[in-house]
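32 is the number of the first residue of the sequence shown in the numbering used here; add one for each residue after it. Glycine included, each C-beta is placed from N, C-alpha and C at the ideal position. Predicted, not measured: the structure shown is a model, and the values here were computed from it.
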Amino acid sequence: MTESITSRDNERVKRVCKLRDCAAARQQEQLFFAEGLRLCTDLAAMLMPQEVYFTQKLLDAHPELEQLGGRHFLVSDGVAAKLSDTKAPQGVFCVFPRSVKTVQDIRAGGRYVCMEHVQDPANVGALLRSAAAFGFTGAVLCADCADPFSPKASRASMGALAKVDLIVEKDTAAALRAFSENGIPSFAAALRNSVPLETVDTAGLHGAAVIIGNEGNGLTDETTAVADRAVRIPMAPGVESLNAAVAGSVLLWHFRGV
């Protein structure tokens, strides 16, 4: 049964907007908000949505939306505009369960991207997308990374939120210990005391952890020192660095087959 919502002041609409805008609300309710036809349907193929909101116009164009799980709500254009986090809303929004694991869930032989204080949600989402594309097991977010369940991050991830394990651990050192205890070698993206990426032979490796640092400051010295090896991506003269998501994706590609 589909319920109708026409008021922008509806309490359910206010709650969904809070999930959209507030990381604390997402954590408390263990839910997150997604918007857009492609993102919602891709996520729904792997996660059961709790709630689905759509306009009549979009439902007419995509009647398959009625096959999505969860409670369904037909919303007015005004409500859709309030729910939207984009300039041109498509007219479909979902609320999904939020799943986060801990370092105790790190698996021997797994491949992980580990982010330390990556602040831009678009970079977090892009790294999740690359991790999924190259068959990585999961992502470990350390030292107050941007929320991977924010609208900007989830859009950038293109559904990867449901394809890789998401692990949150404030202490990067604890994540590195967990990698070591599970026999997973760690590779820090850094310049100091590093070796060129192409010299790292992946043959014989059983798992890998690629560690990516903050957009402006990179990894902390402590993290680089504890990692098994520091690696760098050779670049043309006069170019100092790459965007965090681009650099991370290059490293993830290199370790894709271990």
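Do you know offhand how far residue 290's Cα is from residue 195's? No information on residue 290 is available, as it lies outside the stretch 32 to 289 that the chain covers here.
Given a threshold of 16 other Cβ atoms within 10 Å of its Cβ, counted over all protein chains shown, does residue 154 qualify as buried or as exposed? Per the 10 Å Cβ criterion, buried.
Would residue 165 and residue 239 be called neighbours here (beta carbons separated by less than 7 Å)? no
Applying the criterion that 16 or more other CB atoms from any shown protein chain within 10 Å of the CB defines a buried residue, is residue 223 buried or exposed? exposed
Could you pull the DSSP bridge partners for residue 83 from this structure? 103 and 125
Can you list, in chain order, the stretches of the beta strand (DSSP E) that have 3 or more residues and sit fully within the segment 155 to 190? 169 to 173
In terms of alpha-carbon separation, which member of 107, 245, 213 and 51 lies closest to residue 36? 107
Exposed or buried, residue 175, counting other C-beta atoms within 10 Å across all chains shown (16 or more means buried)? exposed
Tell me the rounded alpha-carbon separation between residue 237 and residue 265. 25 Å
Does the beta-carbon distance from residue 158 to residue 279 come in below 7 Å? Residue 158 is a Cβ neighbour of residue 279, given a cutoff of 7 Å.
Nearest to residue 59 (by Cα), restricted to the options 51, 139 and 283: 51
Taking only the alpha-carbon atoms, compute the straight-line gap between residue 203 and residue 53 and give it to the nearest angstrom. Distance between the alpha carbons of residue 203 and residue 53 is about 24 Å.
If residue 127 and residue 66 are in contact, beta carbons under 8 Å, what's the gap, nearest whole angstrom? 11 Å between Cβ atoms; not a contact.
Can you tell me which of 75, 142, 146 and 55 puts its alpha carbon nearest to the alpha carbon of residue 200? 146
Within 7 Å, strictly: CB atoms of residue 122 and residue 85: yes
Relative to the C-alpha of residue 68, which candidate in 94, 55, 46 and 142 has its C-alpha closest? For residue 68, the nearest C-alpha among the options comes from 94.
If you draw a straight line from the alpha carbon of residue 114 to that of residue 74, how long is it in whole angstroms? Approximately 18 Å between the Cα atoms of the pair.
Can you list, in chain order, the residues of its chain with a C-beta nearer than 8 Å to that of residue 12? Leave out the 5 residues immediately preceding and following it. This structure cannot speak to residue 12, because the chain is shown only from 32 to 289.
Inter-stretch contact at 8 Å, needing at least 3 Cβ pairs: the segment 247 to 264 / the segment 209 to 225: yes
Evaluate the contact criterion for the segment 203 to 214 versus the segment 129 to 137: three or more CB pairs, one atom per stretch, below 8 Å. yes
Which two residues bound the contiguous beta strand (DSSP E) that contains residue 219? 217 to 220
Work out the CA separation of residue 62 and residue 254 for me, nearest whole Å. 31 Å
Give the single residue among 282, 179, 191 and 88 whose Cα lies nearest to the Cα of residue 233. 282
What residue from 46, 270 and 101 has the CA that sits closest to residue 32's CA? 101
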